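Numbering (the working numbering), first residue to last: 300 to 471. Think of the CB as a built atom: it goes at the ideal place given N, C-alpha and C, for glycine as much as any other residue. None of these values were measured; they are calculated from a predicted model. Working notes for the structure below.
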């Protein structure tokens with residue numbers, strides 16, 4: 300397993316402004332490297348399952364909803380992805396044709412339907428992602444509660460920072 304090394308070792312623990320900035324840059328770079336690896340893994344997963352990104356997002360959304368014993372309408376999926384209902388209909392058609400989802404009639408509203416993942420799609424996702432999830436769990440399971448708290452707080456602060464990016468002001 301590759302390990303990240305501090306590129307500026309020797310001065311790693313100094314607490315002057317320049318050292319803090321250098322450590323911050325190194326940490327952000329480590330997150331970027333992880334994110335690039337995750338993006339590549341998701342691309343390989345989509346390719347292995349012959350799906351587009353939105354297809355896989357919909358399937359994962361449906362599988363999580365099923366775990367919570369919730370039903371999902373095509374309209375809810377369209378809102379989740381931010382696409383038109385026509386685009387969602389085409390996507391559900393494609394996922395139904397590939398055997399990943401099925402449509403079920405709403406119990407009380409004959410005009411409405413639910414989109415439900417098939418047992419085969421659940422098994423395919425588990426087969427495709429199961430080993431990766433185990434390796435990720437192995438990578439963090441031995442962390443102390445304090446280490447986990449620090450990482451989670453850091454990720455929370457980074458999320459807050461990127462959530463402040465506004466599409467209208469980000470250009471330029």
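Determine the closest residue to residue i out of the options, with distance taken between C-alpha atoms.
{"i": "residue 357", "options": "391, 347 and 340", "result": "391"}
{"i": "residue 372", "options": "359, 405 and 340", "result": "405"}
{"i": "residue 386", "options": "325, 353, 429 and 338", "result": "353"}
Mind checking who residue i pairs with in its DSSP beta bridge?
{"i": "residue 412", "result": "404"}
By Cβ distance below 8 Å, which residues in the same chain neighbour residue i in space, the five residues on each side in sequence not counted?
{"i": "residue 395", "result": "401 and 402"}
{"i": "residue 339", "result": "none"}
Give a yes or no on whether the C-beta atoms belonging to residue i and residue j are separated by under 7 Å.
{"i": "residue 416", "j": "residue 361", "result": "yes"}
{"i": "residue 398", "j": "residue 421", "result": "no"}
{"i": "residue 347", "j": "residue 427", "result": "yes"}
Return the chain-ordered list of same chain residues with a C-beta closer than 6 Å to the C-beta of residue i, the five sequence neighbours on each side being excluded.
{"i": "residue 327", "result": "none"}
{"i": "residue 344", "result": "427"}
{"i": "residue 380", "result": "353"}
Which same chain residues end up closer than 7 Å to residue i when comparing Cβ atoms and leaving out the 5 residues on each side of it in sequence?
{"i": "residue 310", "result": "In this prediction, residue 310 scores a pLDDT of 48, lower than 50, which makes its location untrustworthy; the coordinate-derived value is nonetheless stated afterwards. Cβ within range, chain order: 318."}
{"i": "residue 407", "result": "none"}
* Taking three-plus beta-carbon pairs below 8 Å as touching, is the stretch 369-388 in contact with the stretch 414-432? -> yes
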